[in-house]
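Enquirer: Quick note on the numbering used here: the sequence shown kicks off at 2 and runs consecutively. Built from N, CA and C at the ideal position, the CB exists for glycine as well.
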Amino acid sequence: MATATKDAVLGSAVDLARKVAIELAGNPADVGEHLGVVVEGERLVSHRFASLARGYRGWEWTVTVSRVPRGRIATVCEAELLPGDDAILGTDWVPWSERLRPGDVGPGDVLPFRADDPRLEPGWTPSGDPELDEVAIDELALARVRVLSPQGRDEAAERWFRGSNGPTSPGSLASAAACQTCGFLVPLQGALGTVFGVCANEWSPDDGKVVSLEHGCGAHSETGSEPVPTEWPESAPLIDELRIDVIPALSTLPHATPEVDVAVEAQADEAEPADDSAPADDVAPADDVLDGPTEVAPAADDEPVAHSEP
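#1: Considering only the alpha carbon of each residue, which of LEU189, PHE185 and GLN190 lies closest to GLU203?
#2: Grab me the residues of GLN152's own chain with a C-beta within less than 7 Å of its C-beta, minus the 5 sequence neighbours each way, in chain order.
#3: Do SER176 and GLY209 have their CB atoms nearer than 8 Å?
#4: Determine whether the beta carbon atoms of PRO10 and ILE23 lie at a separation below 8 Å.
#5: To the nearest angstrom, how far is it from the Cα of PRO96 to the Cα of ARG145?
#6: Would the beta-carbon of LEU53 fall within 8 Å of that of SER67?
#7: Touching or not, the segment 73 to 89 and the segment 55 to 62, by the rule of three or more beta carbon pairs under 8 Å?
#8: Just to confirm the assignment: which complete beta strand (DSSP E) runs, minimum length 3, are found wholly within the segment 73 to 129?
#9: According to DSSP, is PRO168 helix, strand or coil?
#10: As a quick exercise: from HIS216, ASP130 and GLY91, pick the residue whose alpha carbon is nearest that of SER170.
#11: Helix or strand or just coil, what does DSSP make of TRP233?
#12: Classify SER173 as helix, strand or coil using the three-state DSSP reduction.
#13: Tell me the rounded alpha-carbon separation between ASP8 and THR63.
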């Protein structure tokens, strides 16, 4: 870049340009040293100042000044923050259709139409000849506007073969047999059918997926595992039908106290006098209370009451 040497008026307008740069930055600390003058045209130069703003390392505050012919006063045309040679820049803008990656398309998303997709080529248009149409439409399934081109077919085969359903996956290397001998393999038509098929075993981790014929898993229809003894063996039950366990009744148990004795003791406790100082002759024996009726002395003013013998 050429440096202005002929226009002394514009070249000396450093203070004016710095003032405008500070006004644009909003903070004087974000405007650094003067980096020079760039000639943009006749009577038109730009003053550059280093940017000290965070996140803008290598950028330059650029203030463009001009003057009228034979004028002695510099006038500011524009001011902006532009990237320098060492500026940190973002990546080049990439269209949305080119930024997509496999797996990015979700429910409701629609990819833009590509009329010149190299993975596709025109399909078969019915010609009216039954023999040609039968082969192209019924056997090769080409009755579509566009079908896979050789490039699209090769890219798909390469992607499937090197993916998790190819012959080099960990599950395939550990399997005892390949998918090509499995009864759950559904073959494909065309050239891809010589290398791939579709798994139809619900117990396989690859159910419903395209698999290589050399792929394999533990759900192969013709393989199995040897039975092994359980780590928790079940012991045989022990049943003795000849032995009889005799359980003694409550009355025959040792140290059993009859209920009658308990009742007698309870009644005897109730018959004891409340006052220990009372004479013993006034208390009837417990046997008399239980064995015979008790005679009640008649009152002084009442007639004697005769009691019948029991």
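Expert: In this structure, then:
#1: Counting from 1 along the sequence shown, the entry for residue 203 is found at position 202. Nearest in C-alpha terms to GLU203, of all of LEU189, PHE185 and GLN190, is PHE185.
#2: As a working note, residue 152 is residue 151 in the sequence shown. Excluding positions up to five away in sequence, the list reads PRO119 and ARG120.
#3: One-based indexing of the sequence shown puts residue 176 at position 175. One-based indexing of the sequence shown puts residue 209 at position 208. Taking 8 Å as the Cβ cut-off, SER176 and GLY209 do not qualify as a contacting pair.
#4: As a working note, residue 10 is residue 9 in the sequence shown. As a working note, residue 23 is residue 22 in the sequence shown. Reading the sequence as shown, one finds Val at residue 10 and not Pro. For VAL10 and ILE23, no; Cβs fall outside 8 Å.
#5: Taking the sequence shown and counting its residues from 1, the one referred to as residue 96 is at position 95. Taking the sequence shown and counting its residues from 1, the one referred to as residue 145 is at position 144. Rounded to the nearest angstrom, the two C-alpha atoms are 29 Å apart.
#6: Taking the first residue of the sequence shown as 1, we reach residue 53 at position 52. Taking the first residue of the sequence shown as 1, we reach residue 67 at position 66. No, they are not a contact pair.
#7: They touch, by the three-pair rule.
#8: 76 to 84 and 121 to 123
#9: As a position in the sequence shown, residue 168 is number 167, starting the count at 1. Correct three-state label for PRO168: coil.
#10: Position 169 of the sequence shown holds residue 170. It is HIS216 whose Cα lies nearest to the Cα of SER170.
#11: Taking the sequence shown and counting its residues from 1, one reaches residue 233 at position 232. Reduced to three states, the DSSP call for TRP233 is coil.
#12: In the sequence shown, the residue the question calls residue 173 occupies position 172. Correct three-state label for SER173: helix.
#13: Here the question's residue 8 lines up with position 7 in the sequence shown. Here the question's residue 63 lines up with position 62 in the sequence shown. If you take the alpha carbons of ASP8 and THR63, they lie about 18 Å apart.
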